[in-house]
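Asks: Numbering (my numbering), first residue to last: 4 to 492. Handing you a structure now.
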């Protein structure tokens, strides 16, 4: 529903105004129905009273008149009597003979052409003769017409009295119009008052909810979250209480999570260190055992065997040292020292370092950028590009001519560096874990290289992602914010 698309404040405001309008409509309809019933009852009783009065007066007038006698001598007095009763009761009276022909009318005289148009409806006359009871004819919504016999003392029917009655002109109608006008005026003031109350009430409620909403936006699991102070004990107060309880629970959960993460990290690190140290220890053990079995001081090749053994041991010790240093660098990443440096110059120097690699060609596209100044830690960024390019070289099979493309581009706020290779690519299952510590797709290494790269890029407020297709190659995309006024074109 479109109603629910409005904000809560708007829905409260509209609901209160709608309540006033609906109550106005309901009361108005009920009032009109009541007054219509009253009006109908009023006119019905009024017509009946006047009809009785007129009939009684005429019956008294005709009390000694025989139905069979000629009425010519009384018609003149009868005409005066009809007009008198019409004036006194302020109502129209028509008199018909027993055949339904007009005899006289209080509204028209004999010279008026309308006089001769007055005639009883045949069905009314027939029903009157049959039932001997008063007949009512509804002319329209506002007019009725009654037909009744006038009798003498012998209970003989002398004439038929017709009383047309208009319900349009009525004090009840006037009272209804006056009441509805007053009701609308009162509700107009109520509507204005309700509008103001609804405005302030909706603002009060939504303001309280906005306070809770703003606090919820700032909730973070790894920082101290601020509670809300609320004095009221209403529904908003209950919501605030639940929020404060949630903050306490969140803080407790964050402490447990941090502890669990630390313990898990140490366990994973210990497993990785143990695994990496075990790899060089095995060949060292085998070399010692081999030397022990073949040890013969009188052998002419003893010195050569000892030198060969020493060389192997030193190589494995160097491997252990390298492993220890790599873990140390990852665990104790030094704080970066930001200085102004030229990203283009850094990329070119990195290419110079690797271009002597056999069977691999390097290409650099600068998109006409002469200089690309950023704030960065030179040592750490050298480590980043060395690691990515070294991975690219290792991903290319020896039987294939290696092609590595570095591209530098920019927009108004970022420098973009891409490093593409035509290596073996990265398997789909490995893509999600490529930046995780201890994960590697190679048979050697600690798996800390790309994790360290991402850590350095994040520390420079940058971003790194990649696209890779198996057997086609991989492209790493790195973004650096332009934090210095650049002179590149």
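Cβ atoms here follow ideal geometry from the backbone N, Cα and C, with glycine treated the same way. What you are looking at is a predicted structure, and each value in this text was computed from that prediction instead of being measured.
#1: Measure the alpha-carbon distance for residue 448 versus residue 244 and round it to whole angstroms.
#2: Taking its Cβ as the centre, do 16 or more other Cβ atoms sit within 10 Å of residue 123, making it buried, or is it exposed?
#3: Using the three-state DSSP reduction, which class does residue 120 fall into: helix, strand or coil?
#4: Could you tell me the alpha carbon to alpha carbon distance between residue 472 and residue 431, rounded to whole angstroms?
#5: Spatial neighbours of residue 15 within its chain, please: C-beta separation below 6 Å, excluding the five flanking residues on both sides.
#6: By the three-class DSSP mapping on this structure, what secondary structure does residue 1 have?
#7: Would you give the residue range spanned by the alpha helix (DSSP H) that residue 456 belongs to?
#8: What's the C-alpha gap between residue 153 and residue 35?
#9: Given residue 125, which residues of its chain have a CB within under 8 Å of its CB, disregarding the five upstream and five downstream residues?
#10: Using DSSP bridges, identify the partner residues of residue 405.
#11: Examine the Cβ distances between the stretch 393-402 and the stretch 358-365 and report whether three or more of them are shorter than 8 Å.
#12: Would a check of beta-carbon distances place residue 43 closer than 8 Å to chain B?
#13: Check the DSSP bridge columns for residue 420 and list the partner residues they point to.
#14: So, at 6 Å on beta carbons, what are the nonlocal neighbours of residue 19 in its own chain, with the 5 sequence-adjacent residues on each side left out?
#15: Going by DSSP in three states, residue 476 sits in which element: helix, strand or coil?
#16: Give a yes or no on whether the C-beta atoms belonging to residue 64 and residue 84 are separated by under 8 Å.
#17: Would you tell me roughly how many angstroms separate the C-alpha atoms of residue 501 and residue 213, rounded to the nearest one?
#18: Assuming residue 169 is part of the beta strand (DSSP E), what are its boundary residues?
#19: Going by C-alpha to C-alpha distance, which of 409, 215, 358 and 187 sits closest to residue 28?
#20: List the DSSP bridge partners of residue 97.
#21: In angstroms, rounded to a whole number, what distance separates the CA positions of residue 351 and residue 391?
#22: With burial defined as no fewer than 16 other Cβ atoms inside 10 Å of the residue's Cβ, what is the status of residue 353: buried or exposed?
#23: Going by C-alpha distance, which of 132, 143, 145 and 144 is nearest residue 151?
#24: Run through the DSSP bridge pairs and tell me what residue 13 is partnered with.
#25: Are there 16 or more other CB atoms within 10 angstroms of the CB of residue 177, so buried, or fewer, so exposed?
#26: In angstroms with no decimal places, state the Cα-to-Cα distance between residue 13 and residue 231.
#27: Would you identify the three-state DSSP class for residue 145, choosing helix, strand or coil?
#28: Would you identify the three-state DSSP class for residue 345, choosing helix, strand or coil?
#29: Name the one or two DSSP bridge partners that residue 470 has.
#30: Count the other C-beta atoms from every protein chain shown that fall within 10 angstroms of the C-beta of residue 374, then say buried if there are 16 or more, exposed otherwise.
#31: Where do the ends of the alpha helix (DSSP H) carrying residue 385 lie?
#32: Determine the burial state of residue 119: buried for a count of at least 16 other Cβ atoms within 10 Å of its Cβ, exposed for fewer.
#33: Which term fits residue 380, buried or exposed, when burial requires 16 or more other beta carbons within 10 angstroms of its beta carbon?
#34: Cutting at 6 Å between CB atoms, please list the residues of its own chain near residue 1, excluding the five before and the five after it.
#35: In whole angstroms, what is the alpha-carbon distance linking residue 424 and residue 253?
#36: Comparing C-alpha positions only, which one of 40, 86 and 195 sits nearest to residue 60?
Replies: Quick look at the numbers:
#1: Here residue 448 refers to the residue found at position 445 of the chain shown. Here residue 244 refers to the residue found at position 241 of the chain shown. With a pLDDT of only 48 at residue 448, under the threshold of 50, the placement of this residue in the model should not be trusted, and no figure is reported.
#2: To locate residue 123, count along the chain shown from 1; it is residue 120. The residue is buried, with at least 16 neighbouring Cβ atoms inside 10 Å.
#3: Taking the chain shown and counting its residues from 1, the one referred to as residue 120 is at position 117. Reduced to three states, the DSSP call for residue 120 is helix.
#4: On the chain shown, position 469 is the one that residue 472 refers to. On the chain shown, position 428 is the one that residue 431 refers to. Straight-line spacing of the CA atoms in residue 472 and residue 431 works out to 9 Å.
#5: Reading the chain shown from its first residue, position 12 is the one you call residue 15. The answer, listed in chain order, is 205.
#6: There is simply no residue 1 to check, as the chain begins at 4 and stops at 492 in what is shown.
#7: What you label residue 456 is simply residue 453 of the chain shown in a count that begins at 1. From DSSP, the alpha helix (DSSP H) with residue 456 extends over 452-462.
#8: Within the chain shown, residue 153 is the residue found at index 150, counting from 1. Within the chain shown, residue 35 is the residue found at index 32, counting from 1. Approximately 38 Å between the Cα atoms of the pair.
#9: Sequence index remark: in the chain shown, residue 125 carries index 122 (1-based). Excluding the 5 residues flanking it on each side, residue 125 has same chain C-beta neighbours closer than 8 Å at 103, in chain order.
#10: The sequence position of residue 405 within the chain shown is 402, counting from 1. Answer is 363, bridged to residue 405.
#11: Contact annotation: the stretch 393-402 touches the stretch 358-365, with at least three C-beta pairs closer than 8 Å.
#12: You won't find chain B in this structure, because it holds only one protein chain.
#13: Walking along the chain shown from the start, residue 420 turns up at place 417. Per DSSP, 411 and 481.
#14: Counting from one through the chain shown, the residue named residue 19 turns up at place 16. Excluding residues up to 5 positions away in sequence, 197 and 201 lie with their Cβ nearer than 6 Å to the Cβ of residue 19 in the same chain.
#15: Here residue 476 refers to the residue found at position 473 of the chain shown. Collapsing the DSSP output to three states places residue 476 in a strand.
#16: For the purposes of this step, residue 64 is identified with residue 61 of the chain shown, where counting begins at 1. For the purposes of this step, residue 84 is identified with residue 81 of the chain shown, where counting begins at 1. Yes, the Cβ-Cβ distance between residue 64 and residue 84 is below 8 Å.
#17: With the chain represented from 4 up to 492, any question about residue 501 goes unanswered, as that position is not in the structure.
#18: In the chain shown, residue 169 corresponds to position 166, counting from 1. For residue 169, the enclosing beta strand (DSSP E) stretches over residues 160-169.
#19: Here residue 28 corresponds to residue number 25 of the chain shown, with the count starting at 1. Nearest in C-alpha terms to residue 28, of all of 409, 215, 358 and 187, is 187.
#20: Taking the chain shown and counting its residues from 1, one reaches residue 97 at position 94. For residue 97, which the question treats as bridged, DSSP gives the partners 108 and 165.
#21: If you number the chain shown from 1, residue 351 lands on position 348. If you number the chain shown from 1, residue 391 lands on position 388. Roughly 15 Å between the two C-alpha positions.
#22: In the chain shown, counting from the first residue as 1, residue 353 sits at position 350. So residue 353 counts as buried.
#23: Locating residue 151 in the chain shown gives position 148, counting from the first residue. Distance from the Cα of residue 151 is smallest, within the candidate group 132, 143, 145 and 144, for 132.
#24: Walking along the chain shown from the start, residue 13 turns up at place 10. The partner list for residue 13 (beta bridge, DSSP) is empty, contrary to what the question assumes.
#25: Taking the chain shown and counting its residues from 1, one reaches residue 177 at position 174. Counting the other CB atoms within 10 Å of its CB gives residue 177 a total below 16, which places it among the exposed residues.
#26: As a working mapping, residue 13 is identified with position 10 in the chain shown. As a working mapping, residue 231 is identified with position 228 in the chain shown. A straight-line Cα-Cα distance of about 25 Å links residue 13 and residue 231.
#27: By one-based count along the chain shown, residue 145 stands at place 142. Three-state result, residue 145: coil.
#28: Position 342 of the chain shown holds residue 345. In the structure shown, residue 345 sits in a strand (DSSP, three-state: E or B).
#29: Residue mapping note: residue 470 aligns to position 467 of the chain shown, counting from 1. Looking at the DSSP output, residue 470 bridges to 478.
#30: One-based indexing of the chain shown puts residue 374 at position 371. Residue 374 comes out exposed.
#31: Mapped onto the chain shown, residue 385 falls at position 382. Per DSSP, the unbroken alpha helix (DSSP H) holding residue 385 starts and ends at 381-398.
#32: Reading the chain shown from its first residue, position 116 is the one you call residue 119. Looking at its Cβ environment, which holds fewer than 16 other Cβ atoms inside 10 Å, residue 119 is exposed.
#33: In the chain shown, residue 380 corresponds to position 377, counting from 1. Taking all protein chains in view, the Cβ of residue 380 is crowded by 16 or more other Cβ atoms within 10 Å, so the residue is classified as buried.
#34: The chain is shown only over 4 to 492; residue 1 falls outside these bounds and no answer can be derived.
#35: Working through the chain shown from its first residue, we reach residue 424 at position 421. Working through the chain shown from its first residue, we reach residue 253 at position 250. Taking the straight line joining both Cα atoms gives about 46 Å.
#36: The sequence position of residue 60 within the chain shown is 57, counting from 1. Cα-wise, what sits closest to residue 60 is 86.
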